[in-house]
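Sequential numbering of the sequence shown, starting at 1, is according to UniProt numbering.
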Amino acid sequence: MLLLSGLGIGGNIFSDAQSCDPGLCGSCPPDWTPYDQQCYLFTRHETTWNNAEEACSLYDAHLTSIQGPDQYAFLRRLIVETTGTNTTTWVGGTNLHDHGEWSWVDGTPFTFTNWGPGEPNNAGGNEHCMDINLRGTKTTSL
């Protein structure tokens, strides 16, 4: 399951770490939203990126990766439908573990980006985690 997680500003989105063949998956747990053979949970509480990823592990999940524009649009809709606004939300992108190279915490290939203007810029030398917001994805400090 995948989780979207808000910053110290908004929410979190978890996604289930396993995918399954159509017709073989059970339904998503209560409060989780199905999309493209995975289940997503948006939680609305302020937290750090590390704490959001740790919370995901309680569900055997990770902060969500983003693999393409359709999934990105789904995630944006999920956030707006849940909160009524474009709440800034943690996702699973980070460059903490790979010497500045961006990766997804769930291990999927880092191929889709929709960086906001001027991002990633590592402002202040401590922006190592990814959020999505009204202008696209951006890097944010821990």
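Where a beta carbon is used, it is the ideal one built from N, C-alpha and C, also for glycine. Because the structure is a prediction, the values reported are computed rather than measured.
- Scanning its chain for C-beta atoms nearer than 8 angstroms, with the 5 sequence neighbours on each side dropped, one finds around asparagine 86 the residues Arg76, Ile79, Val80, Asn133 and Leu134, in chain order.
- Within the same chain, Gln71 come within 7 angstroms of aspartate 36 by CB-CB distance, once the 5 residues on both sides are set aside.
- When the Cα atoms are used, glycine 68 and asparagine 114 turn out to be separated by approximately 9 angstroms.
- Spanning the alpha carbons of glycine 92 and glycine 84 requires a straight line of approximately 22 angstroms.
- From the listed residues Ser57, Leu58, Pro30 and Trp49, the smallest Cα separation to asparagine 95 is found for Trp49.
- The UniProt domain "C-type lectin" (35-136) is shown to contain whole alpha helix (DSSP H) runs of 4 or more residues at 49-57 and 69-83, in chain order.
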